[in-house]
Amino acid sequence: MSHGFETLAIHAGQDPEARTGAVIPPIFQTSTYAQDAVGAPRLGYEYSRSGNPTRDALQECLAALEGGPVGLAFASGLAAEDTLLRTVCKPGDHVVIPDDAYGGTYRLFARVVERWGLEFTPAKVSDADAIRAAIRPGSTKIVWVETPTNPLLGIADIAALAAVAHDAGALLVVDNTFASPYLQQPLALGADVVVHSTTKYIGGHSDVVGGALVTADAGLGEELRYHQNAMGAINGPFDAWLTLRGIKTLGVRMDRHCDNAERLAAYLDGHAKVAQVIYPGLPSHPGHEVAAKQMRRFGGMISFRAAGGEEHAVEICNRAKLFVLAESLGGVESLIEHPGRMTHASAAGSPLEVPADLVRLSVGIETVDDLLADLEQALG
Numbered sequence: 002m003s004h005g006f007e008t009l010a011i012h013a014g015q016d017p018e019a020r021t022g023a024v025i026p027p028i029f030q031t032s033t034y035a036q037d038a039v040g041a042p043r044l045g046y047e048y049s050r051s052g053n054p055t056r057d058a059l060q061e062c063l064a065a066l067e068g069g070p071v072g073l074a075f076a077s078g079l080a081a082e083d084t085l086l087r088t089v090c091k092p093g094d095h096v097v098i099p100d101d102a103y104g105g106t107y108r109l110f111a112r113v114v115e116r117w118g119l120e121f122t123p124a125k126v127s128d129a130d131a132i133r134a135a136i137r138p139g140s141t142k143i144v145w146v147e148t149p150t151n152p153l154l155g156i157a158d159i160a161a162l163a164a165v166a167h168d169a170g171a172l173l174v175v176d177n178t179f180a181s182p183y184l185q186q187p188l189a190l191g192a193d194v195v196v197h198s199t200t201k202y203i204g205g206h207s208d209v210v211g212g213a214l215v216t217a218d219a220g221l222g223e224e225l226r227y228h229q230n231a232m233g234a235i236n237g238p239f240d241a242w243l244t245l246r247g248i249k250t251l252g253v254r255m256d257r258h259c260d261n262a263e264r265l266a267a268y269l270d271g272h273a274k275v276a277q278v279i280y281p282g283l284p285s286h287p288g289h290e291v292a293a294k295q296m297r298r299f300g301g302m303i304s305f306r307a308a309g310g311e312e313h314a315v316e317i318c319n320r321a322k323l324f325v326l327a328e329s330l331g332g333v334e335s336l337i338e339h340p341g342r343m344t345h346a347s348a349a350g351s352p353l354e355v356p357a358d359l360v361r362l363s364v365g366i367e368t369v370d371d372l373l374a375d376l377e378q379a380l381g
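Encoded structure:
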């Protein structure tokens, strides 16, 4: 019997605890486990890096939400990315990445794994021909996309890029952080691996850091599970428990994020002090039709370019009051930031450098009229 998304979010991997009947899975705050005999660990649990019941509950839930056979939880989104890259690739291999990738992802490629011998080429994820041209036959192992991208909210046609990647013998990896599994299901569209920073919408409350991988292929999932244990970048049981708690309300939160973002995007669009609004829900967005085809709704992230240039963009961020000036996104509270000086500073001077006049909003679930009033005063 199949269940709806909200039912899975509340119940998948989260049966009442067998001994006491506790409705919420316990936090198994332990590093090791008593064994029944030498070589006979109870229920397979030996050491919490290798396995922990709280983390297992989260992993089962993540797999169910993304529709894959294997889900794995990590200490952060970047820990998940690093584990994936070093499982699938070897020195001398090549990866295609978004030309406006998250700054931390770019830093991982440009400052860490490139030194290990992994090469990469940025390309526009909204242009299948550009992705195809960036592929190096025989050496490209992964086509890596974000959709929507961070921070320019580009939209990749997941099904089209899956065909491009598979024709080249590469995997399609989709960072689904901005959409969340509630709004978008990349594996169902042909992707091979989904990546999440669970810190963001999945956790949803700005109180826990984590990451996840979900695979379409069980064999690849088991390879990643081996490397998860061998490399050790797992999340702790309390972090797993907090993330599970956040997941339970993911569907209702995302609906409110989208409601609010749609109102704010419409307000900003055409505002005299805004040069451009970038939101997939606006018909003017070049990826609007693709987003409408593959997403349930258009998400809670908005970027816009300040009409007064970089200094105006910085002033808007500094004047905001209800919008908290902070990095990260996807929490119940609204956040504002200047990507060029904050989340994407690591991409300065590179092909991935973001416009200096860009402002990024993570629209929370507050009363929307209060958010509109705050933007109005911040714009000056």
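Just so you know, we're using this note's numbering here: the sequence shown kicks off at 2 and counts up by one.
Idealized CB from N, CA, C, for every residue including glycine.
Just so we're clear, the structure is a prediction, and the values are computed from it rather than from any experiment.
The stretch 316-331 and the stretch 359-372 touch, with no fewer than 3 CB-CB distances between them shorter than 8 Å. When beta bridges are read from the DSSP output, tryptophan 145 appears opposite Val174. Per DSSP, the unbroken alpha helix (DSSP H) holding glutamate 312 starts and ends at 310-320. In the DSSP secondary-structure assignment, histidine 95 is bridged to Glu120 and Thr141. When rounded, the separation of the alpha-carbon atoms in leucine 119 and valine 144 is 13 Å. Rounded to the nearest whole angstrom, the C-alpha separation of alanine 192 and glycine 68 is 11 Å. In the DSSP assignment, alanine 213 falls within the beta strand (DSSP E) that extends over 212-216. Within the model, the alpha-carbon separation for glutamine 378 versus alanine 321 is close to 8 Å.
Looking at Phe179, Gly350 and Ala348, the one whose alpha-carbon comes closest to that of tyrosine 202 is Phe179. Rounded to whole angstroms, the separation of the alpha carbons of glutamate 328 and valine 364 is 13 Å. With a threshold of 16 other beta carbon atoms within 10 Å, proline 149 meets it and is buried. Comparing alpha carbon positions, the residue from Gly220, Gly212 and Ala10 closest to alanine 234 is Gly212. Cβ-Cβ distances below 6 Å link alanine 217 to Gly69, Leu188 and Asp193 in the same chain, with the five nearest sequence neighbours on each side left out; the list follows chain order. The Cβ-Cβ distance between glutamate 82 and threonine 55 does not fall below 8 Å. At the C-beta level, cysteine 259 and arginine 298 come within 8 Å of one another. Unbroken beta strand (DSSP E) stretches of 3 residues or longer found wholly inside the stretch 38-78: 71-75, given in chain order. In the DSSP annotation of this structure, the continuous segment of the beta strand (DSSP E) that includes serine 198 starts and ends at 194-198. Under the Cβ criterion (8 Å, minimum of three pairs), the stretch 119-137 counts as touching the stretch 93-109.
Rounded to the nearest angstrom, the gap between the Cα atoms of threonine 344 and proline 17 is 40 Å. Three or more Cβ pairs closer than 8 Å define a contact, and the stretch 125-136 falls short of that threshold against the stretch 71-91.
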